[in-house]
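J.: Its first residue numbered 1, the sequence shown is counted upward by one per residue in full-length UniProt numbering.
Built from N, CA and C at the ideal position, the CB exists for glycine as well.
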Amino acid sequence: MTDVLDTVARWSGRGDRVAWATVVGAKRSAPQPVGTKMAVNDRGEVAGAVSGGCVEGAVVEVAESILAGGAPRLLHYGIADAEAWDVGLPCGGEISVWAEDHGATPQQARFVELARGGARVALVTAIEGARPGAKLLVGVGGALGGTLGDEQLDAAALALAREALWSERCGLHEAAGATLFVDVAAPPPRLVIVGAVDFAAQLSAVARLAGWRPFVIDPRGRFATQQRFPAAERVLVAWPQEAFAELAPLDPATAIAILTHDPKLDDAALLAALASPAGYIGAMGSRRAQARRRERLRAAGVEERQLERIAAPIGLDLGALTAAETALSIMGEIVALRHDREGGRLVHAGGRIHDAVAT
Numbered sequence: 001m002t003d004v005l006d007t008v009a010r011w012s013g014r015g016d017r018v019a020w021a022t023v024v025g026a027k028r029s030a031p032q033p034v035g036t037k038m039a040v041n042d043r044g045e046v047a048g049a050v051s052g053g054c055v056e057g058a059v060v061e062v063a064e065s066i067l068a069g070g071a072p073r074l075l076h077y078g079i080a081d082a083e084a085w086d087v088g089l090p091c092g093g094e095i096s097v098w099a100e101d102h103g104a105t106p107q108q109a110r111f112v113e114l115a116r117g118g119a120r121v122a123l124v125t126a127i128e129g130a131r132p133g134a135k136l137l138v139g140v141g142g143a144l145g146g147t148l149g150d151e152q153l154d155a156a157a158l159a160l161a162r163e164a165l166w167s168e169r170c171g172l173h174e175a176a177g178a179t180l181f182v183d184v185a186a187p188p189p190r191l192v193i194v195g196a197v198d199f200a201a202q203l204s205a206v207a208r209l210a211g212w213r214p215f216v217i218d219p220r221g222r223f224a225t226q227q228r229f230p231a232a233e234r235v236l237v238a239w240p241q242e243a244f245a246e247l248a249p250l251d252p253a254t255a256i257a258i259l260t261h262d263p264k265l266d267d268a269a270l271l272a273a274l275a276s277p278a279g280y281i282g283a284m285g286s287r288r289a290q291a292r293r294r295e296r297l298r299a300a301g302v303e304e305r306q307l308e309r310i311a312a313p314i315g316l317d318l319g320a321l322t323a324a325e326t327a328l329s330i331m332g333e334i335v336a337l338r339h340d341r342e343g344g345r346l347v348h349a350g351g352r353i354h355d356a357v358a359t
């Protein structure tokens with residue numbers, strides 16, 4: 001969605017009026033995930049899309065009516081099976097779209113500004129209820145502005161936004177007699193790799209390809225060089241606890257992969273990682289090495305419930321043999337757990353293949 005946000009900012013900067021359409025609900029094989037956006041300005045220009053092409057014309061008409069002074073609207077489109085193949089929907093689908101004036105509230109413009117700047121931010125919009133279109137902007141530290149017009153509703157919206165900030169899932173919610181849409185923007189997640197080893201080079205490359213920001217940590221300057229890890233955003237020559245402090249805060253959107261095979265580094269990294277709210281902590285090593293490591297950590301005072309946070313041995317069971325395959329295994333596990341999945345084969349899975357995603 002970055003391109004749409006950039007375009008809207010450019011349009012607004014030159015004084016255009018802009019109408020904004022967001023996919024707020026989807027059923028069956030909908031072409032775009034929840035949170036997808038389309039914008040229309042008063043010059044007739046269009047950015048983004050809410051479907052594969054079948055409903056864009058209708059949405060543009062509604063957007064133009066809003067720019068002419070119309071009220072915000074919740075739109076529902078069912079895509080007939082006869083049309084489905086044209087838009088990549090062999091089973092048909094349904095989408096709900098919220099259309100509104102982008103300039104109706106200052107919170108909308110602020111949301112775009114913060115999202116473009118790489119902030120983690122949520123915008124809660126009342127879709128149905130006493131004040132359709134009312135907004136509450138929420139950051140990691142709490143509310144940033146706006147109101148839905150009711151203290152109870154604001155409190156419910158704040159709780160929903162705080163959860164969505166870290167799950168990074170946009171979605172509709174019923175709260176205090178109103179329907180709310182929580183829109184989320186988040187920076188690319190970080191992967192902190194401890195150990196300047198060959199596996200780390202491959203894992204950095206796979207992480208970068210997946211849209212993550214990889215960092216490599218190792219106190220051994222001879223091995224921890226940017227030349228050896230060109231895909232890493234940074235290579236830090238430091239002990240884990242020092243590097244973690246430099247990269248602080250390690251938040252729930254941060255994954256930590258420990259690849260050193262050196263107890264001095266492994267244990268120091270795990271102790272520092274377990275003291276953080278990192279969303280994923282994984283450690284390489286055989287089952288025998290993992291058992292010895294757990295004993296050392298228990299001796300250091302780590303409780304059993306904390307030890308359960310460690311994914312060890314690290315990665316999915318892909319039968320990986322090479323460093324590149326191992327990197328794929330590790331990144332696969334990280335992505336799966338981030339989306340509350342087990343990482344099995346889709347052919348054996350039930351339910352939706354794709355969940356809603358953040359902006």
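1. Going by beta-carbon coordinates alone, are Arg27 and Glu113 separated by less than 8 Å?
2. With C-beta atoms as the reference, is Arg318 less than 8 Å away from Leu328?
3. Can you give the Cα-Cα distance for Leu75 and Leu172, rounded to whole angstroms?
4. How about Trp20 and Glu128: are their beta carbons less than 8 Å apart?
5. Pull up the distance between the alpha-carbon of Leu67 and that of Asp16, whole angstroms please.
6. When you compare each of Lys37, Leu158, Ala63, Asp42 to Ser51 by their alpha carbons, which one comes out closest?
7. Rounded to whole angstroms, what is the Cα-Cα separation between Val87 and Asp198?
8. Could you tell me which residues DSSP puts in a beta bridge with Leu191?
9. Under the assumption that Val182 contacts Ile217 (Cβ atoms under 8 Å), give the Cβ distance between them as a whole number of angstroms.
10. Under the three-state reduction of DSSP, which class applies to Glu174: helix, strand or coil?
11. Beta-carbon separation of Ile258 and Ala278 under 8 Å?
12. Identify the continuous alpha helix (DSSP H) that holds Thr125 and give its terminal residues.
13. Rounded to whole angstroms, what is the Cα-Cα separation between Thr179 and Arg169?
14. Report, in whole angstroms, the separation of the C-beta atoms of Val8 and Ala39, which I expect to be a contact under 8 Å.
15. Could you give the DSSP three-state label for Ala143: helix, strand or coil?
16. Under the DSSP definition of a beta bridge, which residues are partnered with Lys264?
17. Using a threshold of 7 Å, is the CB atom of Gly57 nearer than that to any non-hydrogen atom of the ligand GDP?
18. Counting only the same chain and skipping the five closest in sequence on each side, list residues whose C-beta sits under 6 Å from that of Phe229.
19. How close, in whole Å, do the beta carbons of Ala122 and Val138 come, if the pair is a contact with beta carbons under 8 Å?
20. Pull up the DSSP beta-bridge partners for Met38, would you.
21. Confirm, please, whether the CB-CB distance from Glu242 to Arg213 is below 8 Å.
22. Thr179 by DSSP, collapsed to three states: which one?
23. Apply the 10 Å Cβ neighbour rule to Ser286 and answer buried if 16 or more other Cβ atoms are within range, or exposed otherwise.
24. Please identify the residue among Ala143, Ala255, Ser12 whose C-alpha is closest to the C-alpha of Ile330.
25. According to DSSP, which residues form a beta bridge with Ala99?
26. Going by DSSP, what residues sit across from Leu136 in a beta bridge?
27. Tell me whether Val237 sits in a helix, a strand or coil according to DSSP, three-state version.
28. Report the three-state DSSP secondary structure of Gly282 (helix, strand or coil).
29. Could you tell me which residues DSSP puts in a beta bridge with Val184?
30. Could you check if Lys135 is buried or exposed, using at least 16 other CB atoms within 10 Å of its CB as the buried criterion?
31. Identify whether Ile310 lies in helix, strand or coil by the three-state DSSP scheme.
32. Whole angstroms is fine: what's the gap from Ala231's alpha carbon to Ala245's?
T.: Once the coordinates are examined:
1. For clarity, residue 27 is Lys in the given sequence; the question names Arg instead. No.
2. The residue you asked about is not Arg; residue 318 is Leu in the sequence shown. Closer than 8 Å, so yes.
3. Cα-Cα distance, rounded: 14 Å.
4. Pairing Trp20 with Glu128 gives a Cβ-Cβ distance that is not under 8 Å.
5. Each residue's alpha carbon lies about 10 Å from the other.
6. Ranking Lys37, Leu158, Ala63, Asp42 by Cα distance to Ser51 puts Lys37 first.
7. Bear in mind that a pLDDT of 47 at Val87, under 50, signals an unreliable position, so the number given afterwards is only what the model happens to contain. Val87 and Asp198 have their C-alpha atoms spaced approximately 43 Å apart.
8. DSSP lists Pro214, Ala255 as partners of Leu191.
9. Not really, about 34 Å apart at Cβ, beyond 8 Å.
10. Correct three-state label for Glu174: strand.
11. With respect to the 8 Å criterion, Ile258 and Ala278 are not classified as neighbours on the basis of their beta carbons.
12. That residue, Thr125, is in no alpha helix (DSSP H); its beta strand (DSSP E) goes 121-128.
13. Cα-Cα distance, rounded: 16 Å.
14. Confirmed, Cβ separation roughly 5 Å.
15. Strand.
16. Residue pairing from DSSP leaves Lys264 without any beta-bridge partner.
17. Of ligands this structure carries none, so the ligand GDP is not represented either.
18. Cβ neighbours of Phe229 beyond the five flanking positions: Ala201, Ser204, Val216, Val235.
19. Ala122 to Val138, Cβ: 5 Å. Contact.
20. Residue pairing from DSSP places Met38 in a beta bridge opposite Ala21, Gly48.
21. No.
22. DSSP, reduced to helix, strand and coil, places Thr179 within a strand of the structure shown.
23. With fewer than 16 other Cβ atoms within 10 Å, it is exposed.
24. Selected option, being the one with the closest Cα: Ala255.
25. Note: Ala99 sits in a beta bridge opposite Ala21, Arg73.
26. Paired residue(s): Val124, Gly146.
27. Assigned with DSSP and collapsed to three states, Val237 falls in coil, not helix or strand.
28. Reduced to three states, the DSSP call for Gly282 is strand.
29. According to DSSP, which records beta bridges pairwise, Val184 is partnered with Ala122.
30. By the beta-carbon neighbour count (other beta carbons within 10 angstroms, threshold 16), Lys135 is buried.
31. Correct three-state label for Ile310: strand.
32. Distance between the alpha carbons of Ala231 and Ala245 is about 22 Å.
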